[in-house]
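Chemist: In the working numbering, the protein residues as written are 1 to 162.
Laid out in C-alpha cells, this is it:
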C-alpha cells in the first residue's frame, strides 16, 4: 500500500511498558511532537491498580495541564470509581480529596502536587494532558524534561506539507 499524504498525522504505535507495579501494563502515551511533529500536547493513559504516592514534590508547568480521574471498568467509567486520591494545589498546598470521577484544570504556572493514590478498591483510569509538545516541569527552581522512552517505531522530524 502506498503512503498517503496524511499518513504522518496518524499514530498507531504508542504502547509503553509500565515500570510500576501500581500501574497495569502496557500503558498508552502520546509523546507529542516527538511522535507527530508539530503536535502541541502530550498525554498519558494509565490504569492504576494499587495505591502509589505518584508525585511527592510540588511543581509547575509553563503551559496548562489537565488531570482526569475515572473508574477503570467499561462501560461505566463513573460508577466503577472506587478510590481516594490526595491532590494538593496552590502555593499554600490546599489539599483536595478525589473520591469520584474528576477533571482538574491546572493553569500554567500554578503550583500543584503532591499526588497520592492512597486507596484503590477498583482500578482507576488516569489521564494527564499537558499542552506542550514535550513533558517539562519546574521543581525547586530547576526545569526537568522527559520525552518518554525510545519507543519502537519512533520517527524523526516529519515535514508537514499539507
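Yeah, the Cβ is synthetic: ideal placement off N, Cα and C, and Gly gets one too.
Note that the structure is predicted; figures quoted are calculated from it, not measured.
Let me know the secondary structure DSSP gives residue 100 once reduced to three states.
Modeler: In this structure, residue 100 counts as coil in the three-state DSSP scheme.
Chemist: Along the beta strand (DSSP E) that carries residue 27, what are the first and last residues, could you check?
Modeler: Run containing residue 27: 23–30, per the beta strand (DSSP E) assignment.
Chemist: If you draw a straight line from the C-alpha of residue 103 to the C-alpha of residue 50, how long is it?
Modeler: Distance between the alpha carbons of residue 103 and residue 50: 20 angstroms.
Chemist: Using DSSP bridges, identify the partner residues of residue 95.
Modeler: For residue 95, which the question treats as bridged, DSSP gives the partners 88.
Chemist: Whole angstroms are fine: how far does the CA of residue 90 sit from the CA of residue 110?
Modeler: Rounded to the nearest angstrom, the two C-alpha atoms are 6 angstroms apart.
Chemist: Smallest Cα separation from residue 172: which of 96, 71, 84, 73?
Modeler: Given that the chain is displayed from residue 1 to residue 162, the structure contains no residue 172 and the question cannot be resolved.
Chemist: Using a 10 Å radius around the Cβ and a threshold of 16 neighbouring Cβ atoms, would you call residue 75 buried or exposed?
Modeler: By the neighbour-count rule (16 or more Cβ atoms within 10 Å), residue 75 is not buried but exposed.
Chemist: Alpha carbons only, please: which of 24, 57, 47, 63 is nearest the one belonging to residue 41?
Modeler: Checking every option, the nearest Cα to that of residue 41 belongs to 63.
Chemist: Who pairs with residue 145 in a beta bridge, going by DSSP?
Modeler: Paired residue(s): 136.
Chemist: What are the boundary residues of the beta strand (DSSP E) that residue 120 is part of?
Modeler: Run containing residue 120: 112–120, per the beta strand (DSSP E) assignment.
Chemist: Can you tell me which of the three DSSP states residue 164 falls into?
Modeler: Missing from the structure shown is residue 164; the chain here goes from 1 to 162 and no further.
Chemist: Can we say the region 65–85 touches the region 5–13, given the rule of at least three CB pairs closer than 8 angstroms?
Modeler: Taking 8 angstroms as the limit for Cβ pairs, the verdict is that the region 5–13 does not touch the region 65–85.
Chemist: Name, in chain order, the residues that DSSP records as bridge partners for residue 69.
Modeler: DSSP output for residue 69 lists 102, 126 as bridge partner(s).
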